[in-house]
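**Student:**
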Amino acid sequence: MKIATFNINGIKARAEALPAWLDQAQPDVVVLQEIKSVDDAFPREPLEQRGYHVESHGQKGFNGVAILSKLPLSDIRRGLPGDDADEQSRWIEATVECPRPIRVCGLYLPNGNPAPGPKFDYKLAWMARLERHAAAFLNGEVPVVMAGDYNVIPDPIDAARPEAWVTDALFLPESRAAFRRIVNLGYTDAIRTRNSGAGIYTFWDYQAGAWERNNGIRIDHLLLSPQAADRLTGTGIDKAVRGLEKPSDHVPVWITLD
DNA sequence: ATGGCTATATGTTATAGA
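Numbering (the working numbering) for the first sequence: 47 to 304.
1) Expressed to the nearest angstrom, what Euclidean distance is found between the alpha-carbon atoms of Y233 and I301?
2) So what's L184 in DSSP terms, helix, strand or just coil?
3) What residue from K82, T213, G243 and N157 has the CA that sits closest to A112's CA?
4) Is the beta carbon of T51 sitting closer than 9 Å to the one on A193?
5) Considering only DSSP beta bridges, list what Q79 is partnered with.
6) Which residue comes first and which comes last in the beta strand (DSSP E) that contains S221?
7) Roughly how many angstroms separate the alpha carbons of K106 and Y154, rounded to a whole number?
8) Please confirm whether I203 and A244 have their CB atoms less than 9 Å apart.
9) Could you tell me the boundaries of the alpha helix (DSSP H) in which E94 lies?
10) Just the C-alpha distance for D64 and L114, rounded to the nearest angstrom, thanks.
11) Judging by CA-CA distance, which residue of D195, I246 and K169 is the nearest neighbour of D201?
12) Would you call the region 90 to 108 and the region 163 to 171 in contact, with 3 or more CB pairs under 8 Å?
13) Can you give me the C-alpha to C-alpha distance between K285 and D295, rounded to a whole angstrom?
14) Can you tell me which residues form a DSSP beta bridge with G280?
15) Between Q134 and N159, which are expected to be in contact by the criterion C-beta below 8 Å, what is the C-beta distance as a whole number of angstroms?
Okay, structure coming up:
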């Protein structure tokens, strides 16, 4: 089973690029971030025509997440638990129905800039909620994949120019420590299991020729519970998508499980 | 670069992203 995460930076803006990638990559399950659409306006037809069940959790203008799955989805949860007052659409999870079911979570973690400030406080509070939810998952026996745009550069090797990020919310010690705490509960950073060195990126800014200069960062991650990690057979980053017509600033990142 | 570009709604400018 191939499970991918892709921050598409606008579902309507990616009306051509997303189906083109789906046709080429043939993922079974995809979590999308930054759909920037309300659910009623989400263009489901091109995806359903390709055999995907579509579940979205959107809001007006920005944020928004979705799950596409060729297998049926059940037990769909919208919103990260822990704060009923949080109105930002950044979390969706569902069980992929198959002989060995998998719980798939799609997340769009807050950016947190400028830091310090209320946006950074919100990021850290959201990460604390994520840690609690991730810990609760480990009590069960079901494999869990938490995939998405974490907006965290875990280590200096995950940025082409780490010195440029030292005051940024994506790379501040508090953000990196919060990410590490979640991993250290017992999760596996899937991409790192197959790529130990520097230069592995998932995002290149639209500005300043970042793509042409390969000035990238690795911020899109798939964290696997032990039961999911035991089934990992492969990983990939579809980097070429960044060089195609009208791209997102992120590229798809994927795993395969047996 | 004290944000060079992109997307969306609040729409011919502001907000957000990373």
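In this text, a Cβ means the ideal position worked out from N, Cα and C, and glycines have one as well.
**Tutor:** Here's the rundown:
1) Rounded to whole angstroms, Y233 to I301 spans 15 Å at the Cα level.
2) Looking at L184 - three-state DSSP - the assignment turns out to be coil, as it is neither helix nor strand.
3) When each option's Cα is compared against that of A112, the closest is K82.
4) Closer than 9 Å, so yes.
5) Residue pairing from DSSP places Q79 in a beta bridge opposite N53 and V111.
6) First-last for S221: P219 to N230, but that is the alpha helix (DSSP H), not the beta strand (DSSP E).
7) Cα to Cα, K106 sits roughly 15 Å from Y154.
8) Between I203 and A244, the C-beta spacing is below 9 Å.
9) E91 to E94 is the span of the alpha helix (DSSP H), which, as asked, contains E94.
10) Per the sequence shown, the amino acid found at residue 64 is Leu instead of Asp. For L64 and L114, the gap between their C-alpha atoms comes out near 12 Å.
11) It is I246.
12) No, they do not touch.
13) In a straight line, the C-alpha of K285 is about 11 Å away from that of D295.
14) Its beta-bridge partners are T302.
15) Distance from Q134 to N159 at the Cβ level is roughly 15 Å; contact not present, criterion being Cβ atoms closer than 8 Å.
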